[in-house]
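Novice: Got a structure for you, questions after.
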Amino acid sequence: MKYCARCGSEYQDGVNACADCPGNPLLVSAEEMRSRGLPLPHELDTRIFVRAGSAEDPFTAEVYAQLLQDANIPVLVRAGRSGVVDKLTTGNVLPWWEIHVPADQQVRAATLIEQERLRELATNDEAAAAAEAEERETESPAAEAKERETESPATPPPAY
Numbered sequence: 076m077k078y079c080a081r082c083g084s085e086y087q088d089g090v091n092a093c094a095d096c097p098g099n100p101l102l103v104s105a106e107e108m109r110s111r112g113l114p115l116p117h118e119l120d121t122r123i124f125v126r127a128g129s130a131e132d133p134f135t136a137e138v139y140a141q142l143l144q145d146a147n148i149p150v151l152v153r154a155g156r157s158g159v160v161d162k163l164t165t166g167n168v169l170p171w172w173e174i175h176v177p178a179d180q181q182v183r184a185a186t187l188i189e190q191e192r193l194r195e196l197a198t199n200d201e202a203a204a205a206a207e208a209e210e211r212e213t214e215s216p217a218a219e220a221k222e223r224e225t226e227s228p229a230t231p232p233p234a235y
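Here the working numbering is used: the sequence shown runs in plain steps of one and ends on residue 235.
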């Protein structure tokens with residue numbers, strides 16, 4: 076039998092791709108499922124998931140989840156705030172998302188998340204610097220013209 080590593084569906088040996096998952100991932104053997112730490116459909120899932128990181132928005136959480144899935148690390152994303160009462164009980168008014176992975180893969184997952192976070196910060200800094208440079212380039216002619224107008228007005232002052 077073959078299995079989908081993403082959803083756990085079981086297929087006959089003649090089938091090569093999962094019909095249920097987006098992108099139709101290739102199916103793997105039972106040995107491959109065990110090597111990835113994934114339970115087979117008829118087995119009880121006894122994995123313990125622990126927090127490997129957090130994200131401030133759902134898009135970043137999705138990027139982290141995809142990164143971990145690409146590294147064959149099972150991942151669960153959970154919203155850190157679920158209702159209006161949380162503002163009163165936790166003191167945190169902004170939502171966050173927690174990234175959970177199996178306990179035996181926590182260190183590897185946390186390292187990958189931190190590397191991605193640093194890469195994202197570097198990209199943001201580069202984008203901010205490029206935006207500032209572009210803004211200076213587009214504002215320079217207008218700013219120079221405005222300075223010339225204030226230094227030497229086009230019309231002479233009225234004579235009294």
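Every residue, glycine too, gets a C-beta built ideally from N, C-alpha and C.
Could you name the residues that DSSP lists as bridge partners for tyrosine 86?
Specialist: Residue numbering aside, residue 86 sits at position 11 when the sequence shown is read from its first letter. Lys77.
Novice: Could you spell out where the alpha helix (DSSP H) holding valine 138 opens and where it closes?
Specialist: Here residue 138 refers to the residue found at position 63 of the sequence shown. It spans 133-145 - the alpha helix (DSSP H) in which valine 138 sits, taken as one unbroken run.
Novice: So, at 8 Å on beta carbons, what are the nonlocal neighbours of aspartate 88 in its own chain, with the 5 sequence-adjacent residues on each side left out?
Specialist: Counting from 1 along the sequence shown, the entry for residue 88 is found at position 13. These residues qualify, in order along the chain: Met76, Lys77.
Novice: Pull the bridge partners of valine 152 from the DSSP assignment, please.
Specialist: What you label residue 152 is simply residue 77 of the sequence shown in a count that begins at 1. In the DSSP output, where bridge partners are listed per residue, valine 152 has Ile174.
Novice: How far does the alpha helix (DSSP H) with arginine 109 in it reach, from first residue to last?
Specialist: Counted from its first residue, the sequence shown places residue 109 at position 34. Element bounds for arginine 109: 105-110.
Novice: Could you please give the first and the last residue of the uninterrupted beta strand (DSSP E) stretch that includes arginine 126?
Specialist: In the sequence shown, residue 126 corresponds to position 51, counting from 1. Unbroken beta strand (DSSP E) run through arginine 126: 124-130.
Novice: With distance defined between alpha-carbon atoms, name the residue in Ala178, Asp95, Ala130, Ser104 nearest to glycine 155.
Specialist: Numbered from its first residue, the sequence shown carries residue 155 at position 80. Cα-wise, what sits closest to glycine 155 is Ala130.
Novice: Helix, strand or coil: how does DSSP classify leucine 193 here?
Specialist: For the purposes of this step, residue 193 is taken as residue 118 along the sequence shown, with counting starting at 1. Helix, per DSSP.
Novice: Label alanine 206 either buried or exposed according to how many other C-beta atoms from any shown protein chain fall within 10 Å of its C-beta, with 16 as the threshold for buried.
Specialist: Against the sequence shown, residue 206 aligns to sequence position 131. Per the 10 Å Cβ criterion, exposed.
Novice: Report, in whole angstroms, the separation of the C-beta atoms of glutamate 173 and arginine 192, which I expect to be a contact under 8 Å.
Specialist: Residue numbering aside, residue 173 sits at position 98 when the sequence shown is read from its first letter. Residue numbering aside, residue 192 sits at position 117 when the sequence shown is read from its first letter. Not a contact, Cβ separation roughly 14 Å.
Novice: My understanding is that serine 84 touches aspartate 95, with C-beta atoms under 8 Å, so please give their C-beta distance in whole angstroms.
Specialist: Position 9 of the sequence shown, counted from the first residue, corresponds to residue 84. Position 20 of the sequence shown, counted from the first residue, corresponds to residue 95. That pair is a contact at about 6 Å.
Novice: Look up alanine 92 in the DSSP assignment and give the residues it is bridged to.
Specialist: Locating residue 92 in the sequence shown gives position 17, where the first residue counts as 1. Partner(s): Leu101.
Novice: Taking 8 Å as the threshold, find out whether the segment 172-191 comes into contact with the segment 117-127 through three or more Cβ pairs.
Specialist: Touching, yes, given that three or more Cβ pairs across the two stretches are closer than 8 Å.
Novice: Going by DSSP in three states, alanine 208 sits in which element: helix, strand or coil?
Specialist: The residue labelled residue 208 in the question sits at position 133 within the sequence shown. If DSSP states are grouped into helix, strand and coil, alanine 208 belongs with the helices.
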